[in-house]
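Chains as they are written, first to last, in the working numbering: chain P, 608 to 986; chain W, 12 to 349. Beta carbons: idealized from backbone N, C-alpha and C, even for Gly. What follows is one structure encoded as structure tokens, with my remarks underneath.
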Amino acid sequence: MTYQDPTGKLSEKLLDRAAPDRAAFEDLVIVPLFAVVVALILGALTMLATNVDLATIGKSYVALLNGSVGSLNAISETLTAAAPLTLAGLGLALGFRAGLFNIGAEGQILVGGMATVIVGFSFPGMPAAIHLPLALLAGAVAGGLYASIAGWLRAATGAHEVISTIMLNLISYRLIDYMLRLPFIQREGRADPVSKSVLESAELPRLLSFIDPNLRVHAGIFLMFAAVAAVYWLLFRTRLGFEFRTSGESPDAARYAGMRAGLLIVLVMGLAGALAGLAGANQVLGVLGRATPGFSAGIGFDAISVALLGRSHPIGVLLAGLLFGALEAGGRQMQVDAGVSIDLIGIIQALIIVFIAAPLLVRALFPWGFSKLTKTSKE
Amino acid sequence: MLNKTLRAAVAGTFLATGAMAADFTACQVTDTGGIDDNSFNQTAWKGVLDAQEKLGIDGRYLESQAETDYEANINSLLGGQCDVIITVGFLLGDATAAAAKANPDQKFSIVDYAYDPAIPNVLGQVYSTDEAAFLAGYLAAGMTKTGVLGTFGGINIPPVTIFMDGFYNGAMYYNAQKGANVTVLGWNPDSREGLFTNNFDSLDDGRAFAQNLYDEGADIVLPVAGPVGLGSAALADELGTDKMKIIGVDADLYETDPEKGYVYLTSITKRMDSTVYDVIERTMNGQFVGGLLVGTLESGGVGLAPYHDMEDLVPDELKAEIETIRAGIIDGSIKVGG
Numbered sequence: 608m609t610y611q612d613p614t615g616k617l618s619e620k621l622l623d624r625a626a627p628d629r630a631a632f633e634d635l636v637i638v639p640l641f642a643v644v645v646a647l648i649l650g651a652l653t654m655l656a657t658n659v660d661l662a663t664i665g666k667s668y669v670a671l672l673n674g675s676v677g678s679l680n681a682i683s684e685t686l687t688a689a690a691p692l693t694l695a696g697l698g699l700a701l702g703f704r705a706g707l708f709n710i711g712a713e714g715q716i717l718v719g720g721m722a723t724v725i726v727g728f729s730f731p732g733m734p735a736a737i738h739l740p741l742a743l744l745a746g747a748v749a750g751g752l753y754a755s756i757a758g759w760l761r762a763a764t765g766a767h768e769v770i771s772t773i774m775l776n777l778i779s780y781r782l783i784d785y786m787l788r789l790p791f792i793q794r795e796g797r798a799d800p801v802s803k804s805v806l807e808s809a810e811l812p813r814l815l816s817f818i819d820p821n822l823r824v825h826a827g828i829f830l831m832f833a834a835v836a837a838v839y840w841l842l843f844r845t846r847l848g849f850e851f852r853t854s855g856e857s858p859d860a861a862r863y864a865g866m867r868a869g870l871l872i873v874l875v876m877g878l879a880g881a882l883a884g885l886a887g888a889n890q891v892l893g894v895l896g897r898a899t900p901g902f903s904a905g906i907g908f909d910a911i912s913v914a915l916l917g918r919s920h921p922i923g924v925l926l927a928g929l930l931f932g933a934l935e936a937g938g939r940q941m942q943v944d945a946g947v948s949i950d951l952i953g954i955i956q957a958l959i960i961v962f963i964a965a966p967l968l969v970r971a972l973f974p975w976g977f978s979k980l981t982k983t984s985k986e
Numbered sequence: 012m013l014n015k016t017l018r019a020a021v022a023g024t025f026l027a028t029g030a031m032a033a034d035f036t037a038c039q040v041t042d043t044g045g046i047d048d049n050s051f052n053q054t055a056w057k058g059v060l061d062a063q064e065k066l067g068i069d070g071r072y073l074e075s076q077a078e079t080d081y082e083a084n085i086n087s088l089l090g091g092q093c094d095v096i097i098t099v100g101f102l103l104g105d106a107t108a109a110a111a112k113a114n115p116d117q118k119f120s121i122v123d124y125a126y127d128p129a130i131p132n133v134l135g136q137v138y139s140t141d142e143a144a145f146l147a148g149y150l151a152a153g154m155t156k157t158g159v160l161g162t163f164g165g166i167n168i169p170p171v172t173i174f175m176d177g178f179y180n181g182a183m184y185y186n187a188q189k190g191a192n193v194t195v196l197g198w199n200p201d202s203r204e205g206l207f208t209n210n211f212d213s214l215d216d217g218r219a220f221a222q223n224l225y226d227e228g229a230d231i232v233l234p235v236a237g238p239v240g241l242g243s244a245a246l247a248d249e250l251g252t253d254k255m256k257i258i259g260v261d262a263d264l265y266e267t268d269p270e271k272g273y274v275y276l277t278s279i280t281k282r283m284d285s286t287v288y289d290v291i292e293r294t295m296n297g298q299f300v301g302g303l304l305v306g307t308l309e310s311g312g313v314g315l316a317p318y319h320d321m322e323d324l325v326p327d328e329l330k331a332e333i334e335t336i337r338a339g340i341i342d343g344s345i346k347v348g349g
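Here you go:
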């Protein structure tokens, strides 16, 4: 009977049984892909609505492509922007997997970056092979400890991590303002809050400066790839990762299985904070060379989008980080070449998130892009 | 150095006599706060717009949304597409110096930063803002009913605090002349400490800081923080100008913020538009030389905007005194340095 089915529904059913991950694959790959396309189309409509002519819109999207992957410099800028987003995004993804909605990456980046800067300028004469790892470690430890506060509050008192991490963000802003005015941190001869410069021995070296000194891509991208691998290994190859995921999927089951929920929460938050702290370290050691009040630049909040877009999977987070990095680098080129406002890139990013968050909407818009069975499958 | 200048001059004459210089592109990197901030960035961008209109050049800009953008933004303008790159703001000082040293053939100009020693391919644009702010301080001291003036800044950096210095010293000069006892809140020129929002973009902060100063008795407030001051203007709009007046900075805010224009007693103008225009014209004519361009009260680079709607409120006697002091500052008989 089966071969008589003209619509092929049955064969799809069989296929679904053979490859149960098909629906998951669609959620992971096709939905984000369409979300990007729809966002770009809606972005064009937004430009049209604000009296930008068609030629300029075309030019701006060409610039978006050129500025993100069109040249060596573009790729270098994309990678430079992607590294901190991916690092912080990985931390948040870890939290999401364990059922913790951590909004505090921004504060953890600031605190981690600040600790890194202090180590980075404090040890003149130390060889780079020790100084750089020490500075990175300081960032990870400080970020991790700062985030653990929220974890501990959750575990010990039940204070919700959304609230406590937001509050810790606000505290970190003022803490950085204060610390940057301390005499041993503030740069000599400056009255504004700006730290001393990181010593060369602690800098993340630029990788392509022998080709062109303006290429900014630095060793932080190795940090990014290493972190992706490490988080993947942790989540899917270790017992701790299994416990994280179990307590995220079903806290009751985790408790019933004898997992210590409180300790897990503190651990997850600590690891998430360490990754965010590394993102901060990456910025101050690779890009800025110093700390100022705004050096986190909203990366901690963009990283939430990155983690969501990447579906909290390490590889997905990497791809999402690269996409956001590309949007940032390309957006700059858009402004230069076509004179389109940089705010438009913000709109496009937001639209991508909206569509990612509403997979059913994307499926309804592009029914031909998905197997029909998915309607009945778990969504 | 001289040789280089000579060569540049020769090349410039050649260019000017040869083809039309229509392919000239001036590029600008703004500071945070946005290009439409009614104040700092907008004034500098106006210089490029003016040059576009009068000199027929091409102008491009990149907005910095955060301090992390400075270097990246300058980078995306490198590569020969810009004849001159103008960076707007003291905080871009480090990034501009790094880019200028890495790209010695690219001409740069920076607003509000003077390099010491000078970098041969950077022309700094700086302003004796304290001269104009001194006049504003004197004016405000003459106009206050509570005897308390207020000021706050964006970030504690020289191009911001020079406004506050001049304002403070102008008010003290009024006290000395008239035997009055006007106080200035928000800035201590000796300890170099004062009120700072630590950003150049939060209108909420502008409102909150003005409210605090108002609560302490201030009825005239000078916000030196670009668009942050628009938040203070909104508060003055609600309270009414008899309770609070605002002094604008950078542009004539009566013109750039017309909806709330009536709350501004005057503005301390810092004519970045005219120096930016000047830099572009010089570069086009091949007269670009690294160093400094200084805007003063005498050159018109800084000044006091008209009183506009407050014209009738300001006593004629006070207006005349301001003019006398202006002349005194220009001829050097009055020192604005306190």
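Boundaries of the beta strand (DSSP E) harbouring W:I121: K118 to V122, taken from the DSSP string. The beta-bridge partner set that DSSP reports for W:D261 consists of W:T280. In the DSSP annotation of this structure, the continuous segment of the beta strand (DSSP E) that includes W:F163 starts and ends at V159 to G164. If the five residues before and after W:L73 are omitted, its C-beta is found closer than 6 angstroms to the C-beta atoms of V40 and N84, all from its own chain and listed in chain order. It is roughly 35 angstroms from the alpha-carbon of W:A151 to the alpha-carbon of W:G302.
W:A144 and W:I279 do touch by the CB rule: their CB atoms are close to 5 angstroms apart, below 8 angstroms. Under the DSSP definition of a beta bridge, P:L692 lacks any partner. P:P921 sits close to P:L697, with the two beta carbons spaced by under 8 angstroms.
According to DSSP, residue pairing for W:P234 in a beta bridge involves W:F163. Contact annotation for P:P820 against chain W: A113 [CB-CB distance below 7 angstroms, chain order].
An exposed status is given to P:A833, since fewer than 16 other beta-carbon atoms sit within 10 Å of its beta-carbon. In this structure, DSSP gives P:G869 a helical state, which the three-state scheme calls helix. Going by DSSP, W:Q298 is part of no beta strand (DSSP E) at all; its letter is neither H nor E.
A Cβ-Cβ separation of about 18 angstroms leaves P:V875 out of contact with P:T693 under the 8 angstroms criterion. Any Cβ of chain P closer than 8 angstroms to the Cβ of W:S87 would place that residue at the interface, and such an atom is present.
The closest CA to that of P:N821, considering only W:G70, W:E78, W:P128 and W:K112, is found on W:K112. Cβ-Cβ separation between W:D212 and W:G44: approximately 5 angstroms, consistent with a contact (criterion under 8 angstroms). Around the Cβ of P:F632, a 10 Å sphere holds fewer than 16 other Cβ atoms; the residue is exposed.
In chain order, L671, G674 and S675 place their CB closer than 6 angstroms to the CB of P:G937, counting only its own chain and leaving out the 5 sequence neighbours on each side.
Using a Cβ-Cβ distance cut-off of 8 angstroms, the stretch 711-727 of chain P and the stretch 757-777 of chain P are in contact, since at least three pairs of beta carbons, one from each stretch, lie closer than that value. Per DSSP, the unbroken beta strand (DSSP E) holding W:I96 starts and ends at V95 to V99. The C-beta of W:F51 has 16 or more other C-beta atoms within 10 Å across all chains shown, which makes the residue buried. Any Cβ of chain P closer than 8 angstroms to the Cβ of W:R71 would place that residue at the interface, and such an atom is present. Residues of chain P whose Cβ lies closer than 9 angstroms to the Cβ of W:E74 are, in chain order, Q942, S948, I949 and D950. When the beta-carbon positions are compared, W:M255 and W:A245 stay at least 8 angstroms from each other. In the structure shown, W:F211 adopts coil according to DSSP, grouped into three states. Every alpha helix (DSSP H) of 4 residues or more that sits fully in the stretch 833-888 of chain P is shown, in chain order, as 846-856 and 858-863. Cβ neighbours of P:P734 within its own chain (closer than 7 angstroms, five residues either side excluded): S808. Beta-carbon to beta-carbon, P:F908 and W:T79 are separated by about 14 angstroms, too far to satisfy the 8 angstroms threshold. Only those residues of the stretch 904-918 of chain P whose C-beta falls short of 9 angstroms from the nearest C-beta of chain W are listed: A904, G905 and I906.
The closest CA to that of W:P169, considering only W:F101, W:I345 and W:L233, is found on W:F101.
Residues of the stretch 165-185 of chain W with a C-beta atom less than 9 angstroms from some C-beta of chain P are I166, N167, I168, P169, V171 and T172, listed in chain order. One thing to note: P:S802 has its Cβ within 8 angstroms of the Cβ of P:I792. Taking C-alpha positions only, P:M941 is separated from W:G297 by approximately 30 angstroms. With respect to chain P, the C-beta atom of W:T79 has a partner C-beta closer than 8 angstroms.
Nearest neighbour of W:F119 by Cα position, chosen from W:Y126, W:L134 and W:A125, turns out to be W:L134.
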